[in-house]
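Asks: Attaching a single structure in structure tokens format; questions to follow.
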Amino acid sequence: MEENKLQGGKNHKVVINNRNLIALTGINDVMSFDANEILLDTVQGILMIRGEELHVNRLSLEQGEVDIDGRVESFAYAEENTYGKTGSSILSRLFK
232 MEENKLQGGK
242 NHKVVINNRN
252 LIALTGINDV
262 MSFDANEILL
272 DTVQGILMIR
282 GEELHVNRLS
292 LEQGEVDIDG
302 RVESFAYAEE
312 NTYGKTGSSI
322 LSRLFK
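Residue 235 in my numbering sits at position 4 of the sequence shown, and the numbers go up by one each step.
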């Protein structure tokens with residue numbers, strides 16, 4: 232069980248209900264967001280969520296939690312140490 236915990240004991244969990252309600256844990260930072268894309272720094276790497284009418288409803292960085300609503304079209308992870316922390320380089324490398 233200990234190997235599942237990273238960065239200060241945070242677990243990363245993603246719960247998606249009907250492709251339009253998302254609850255995430257293990258969040259370090261919200262790097263960027265708009266109605267079509269949210270970029271999160273998680274304990275498991277960088278997570279890009281793409282969709283339509285995406286909204287961050289609840290954000291608690293102290294707890295490492297984010298709740299999002301909107302139509303989810305895709306999730307993509309990238310290792311932070313591989314791609315760095317700049318949103319543009321992550322996006323360009325994910326879609327090469």
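Here a beta-carbon is modelled for each residue, glycine too, at the ideal position from N, C-alpha and C.
Ile299 to Asn242, Cα distance in whole Å?
Replies: Indexing the sequence shown from 1 puts residue 299 at position 68. Indexing the sequence shown from 1 puts residue 242 at position 11. Cα to Cα, Ile299 sits roughly 18 Å from Asn242.
Asks: I need the straight-line Cα distance from Ser263 to Asn248, nearest angstrom please.
Replies: Position 32 of the sequence shown holds residue 263. Position 17 of the sequence shown holds residue 248. C-alpha separation (whole angstroms): 23 Å.
Asks: Have a look at the DSSP bridge pairing and note the partners of Ala254.
Replies: The count along the sequence shown starts at 1 and reaches residue 254 at position 23. Answer is Val246, Asp298.
Asks: Is the separation between the beta-carbon of Asn288 and that of Asp272 shorter than 7 Å?
Replies: Within the sequence shown, residue 288 is the residue found at index 57, counting from 1. Within the sequence shown, residue 272 is the residue found at index 41, counting from 1. Taking 7 Å as the Cβ cut-off, Asn288 and Asp272 do not qualify as a contacting pair.
Asks: Measure the CB-CB distance between Leu285 and Gly301 and report whether it falls below 7 Å.
Replies: Here residue 285 corresponds to residue number 54 of the sequence shown, with the count starting at 1. Here residue 301 corresponds to residue number 70 of the sequence shown, with the count starting at 1. Taking 7 Å as the Cβ cut-off, Leu285 and Gly301 qualify as a contacting pair.
Asks: Could you tell me the alpha carbon to alpha carbon distance between Ala309 and Glu268, rounded to whole angstroms?
Replies: Counting from 1 along the sequence shown, the entry for residue 309 is found at position 78. Counting from 1 along the sequence shown, the entry for residue 268 is found at position 37. When rounded, the distance between both Cα atoms is 15 Å.
Asks: Got a sec, what are the start and stop residues for the beta strand (DSSP E) Val287 sits in?
Replies: Residue numbering aside, residue 287 sits at position 56 when the sequence shown is read from its first letter. That run of the beta strand (DSSP E) goes 276-291.
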